[in-house]
Amino acid sequence: MSTHINESIDHLFRREYSRIVSLLTSKFGPVHIDSIEDSVQDALYKAMTQWSIKGRPEEPNKWLYRVAHNSIIDKLRRDSKSEEYLPEKEKKTSSTLEVDLSDGLEDEQLQMIFACCHPSMKETEQLMLSLKLLCGFNNKEISRALLKEQEAVKKALTRAKSKFKTEIGSLRIPHSNQLASRLDGVLKVIYLIFNNGYTALEGDNLLKKDVCEDAIRLAGMLYQHEKCNTNQTRSLLALMCFNFSRFNARINEVGDMLTLQQQDHNKWDTDLIELGLRFLSETGNSSTFTQLQLEAAIAREYAVAPNFETTNWRVILALFDLILTNNTSVVIALNRLVIVDQVYGTQTAYERLLKLQDKSLEKNYLYFSIKGDFEKKLKLEEYKTSLNCAVDLTDNLKEKEFLKAKLSN
31 MSTHINESID HLFRREYSRI VSLLTSKFGP VHIDSIEDSV QDALYKAMTQ WSIKGRPEEP
91 NKWLYRVAHN SIIDKLRRDS KSEEYLPEKE KKTSSTLEVD LSDGLEDEQL QMIFACCHPS
151 MKETEQLMLS LKLLCGFNNK EISRALLKEQ EAVKKALTRA KSKFKTEIGS LRIPHSNQLA
211 SRLDGVLKVI YLIFNNGYTA LEGDNLLKKD VCEDAIRLAG MLYQHEKCNT NQTRSLLALM
271 CFNFSRFNAR INEVGDMLTL QQQDHNKWDT DLIELGLRFL SETGNSSTFT QLQLEAAIAR
331 EYAVAPNFET TNWRVILALF DLILTNNTSV VIALNRLVIV DQVYGTQTAY ERLLKLQDKS
391 LEKNYLYFSI KGDFEKKLKL EEYKTSLNCA VDLTDNLKEK EFLKAKLSN
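Counting in the working numbering, the sequence shown runs from 31 upward without gaps.
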């Protein structure tokens with residue numbers, strides 16, 4: 031099969047996966063989630079084998095749904111030897127299936143993500159299950175996204191699916207008295223989905239545009255739902271819009287990564303920036319700010335700067351300091367040091383970097399990448415060792431090329 035057809039099917043599958051899984055789960059129930067996943071995978075396999083020979087159908091999304099639907103019907107019939115498990119409407123219409131994939135699916139997908147974030151599950155289980163069911167990530171992708179061993183991910187997903195089958199009777203949006211407490215978990219999931227697409231943790235395709243768009247779409251569903259349209263939801267939408275506005279400017283004509291300094295601001299999507307500004311303005315003023323609001327405010331400073339040199343680094347540094355008052359994450363500390371470099375100079379930033387104490391730094395490619403950058407600026411020979419460590423610690427081929435280019439320049 032040609033690369034073009036493979037990419038076309040992958041694009042379609044990424045877009046339709048959660049829609050089909052959500053609709054089938056709504057019809058057949060969470061208890062059959064394993065069969066539903068298998069059926070959707072069957073549909074993808076058949077698309078890959080048949081479309082290269084017969085051509086792509088006029089309505090590929092309906093084709094995928096129909097094949098997945100018929101596949102689960104067959105699986106459940108084989109398992110039960112009867113039709114007692116089938117919803118009444120499926121007994122009557124399964125042989126002549128017609129479906130409007132635009133009818134009510136947003137509600138079902140919104141219900142699905144709340145189901146994946148059920149309070150009976152641990153937070154990491156919620157994240158893993160959502161990545162699995164809403165984006166179709168495999169175990170390796172999930173382990174990279176959450177910095178977990180693959181075996182730990184496999185066990186956690188088994189536990190999460192067990193709870194999903196037993197605790198979720200049917201898909202629905204939580205009642206008002208439960209909604210607020212559940213919404214934070216949902217937003218964390220959506221943010222992780224976006225970051226996974228934006229940074230594309232491994233493989234040749236550094237920037238997975240489909241995944242980013244899917245995360246923004248899911249957050250947009252929350253925004254459209256009266257009781258889910260909160261400051262946190264609007265902050266997340268603002269943050270994603272600001273970051274996504276730079277998507278097309280992050281690589282050059284031959285597919286190489288570009289730093290923020292190298293990017294052409296004229297290629298940034300001004301419509302997305304305006305949308306981000308609108309969402310951020312809707313969060314209002316407060317004496318206290320959430321981390322999402324502060325991260326969105328940082329992204330705003332990058333987005334509105336006419337060029338790299340005029341970026342308001344001191345404001346960004348102050349915003350990072352506010353985040354660190356409540357979150358001492360080493361990743362945030364590392365990103366802050368990049369700003370310290372701009373405000374106080376590389377020597378100061380490097381000295382503070384060496385003072386960081388965290389065992390996870392030994393396997394953190396970002397740490398060695400930043401360390402190598404600082405050392406190269408300071409003309410320290412150690413930069414080669416640091417950048418080589420960063421190369422070894424990332425699986426992303428584009429990131430490897432990016433780091434190796436620094437070694438050769």
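Where a beta carbon is used, it is the ideal one built from N, C-alpha and C, also for glycine.
- In its chain, beyond the 5 residues on either side, CYS242, ALA245, MET270 have a beta carbon closer than 6 angstroms to the beta carbon of PHE224.
- Runs of the alpha helix (DSSP H) spanning 4 or more residues and lying entirely within the segment 146–225 occur at 153–165, 169–176, 180–197, in chain order.
- If the five residues before and after HIS295 are omitted, its C-beta is found closer than 7 angstroms to the C-beta atoms of PRO336, ASN337, all from its own chain and listed in chain order.
- Pairing CYS147 with ARG264, the inter-Cα distance amounts to about 19 angstroms.
- Taking a 10 Å sphere around the C-beta of LYS185, we find fewer than 16 other C-beta atoms and assign the residue as exposed.
- For LYS406, the uninterrupted alpha helix (DSSP H) segment begins and ends at 395–407.
- The three-state reading of DSSP puts ASN426 in strand, counting E and B together.
- Under a 10 Å Cβ-count criterion, GLU325 is classified as buried, with 16 or more other Cβ atoms of the shown protein chains found around its own Cβ.
- Take the alpha-carbon of LYS414 and the one of LEU163: they are about 41 angstroms apart.
- Beta-bridge annotation (DSSP): ILE281 is paired with MET287.
- In this structure TYR95 is buried. Its beta-carbon is surrounded by 16 or more other beta-carbon atoms within 10 angstroms.
- Secondary structure of LYS385 (DSSP, three-state): coil.
- LEU310 and ARG330 have their alpha carbons spaced roughly 9 angstroms apart.
- For the pair SER48 and MET151, the CB atoms are not nearer than the 8 angstroms cut-off.
- Here PHE319 carries a coil assignment [DSSP, helix/strand/coil].
- For the pair ASP72 and GLU256, the Cα-to-Cα distance works out to about 37 angstroms.
- Taking LEU417 as the centre and dropping the five residues before and after it, the same chain places the C-beta of GLY402, LEU433, LYS436, LEU437 closer than 6 angstroms to its C-beta, in chain order.
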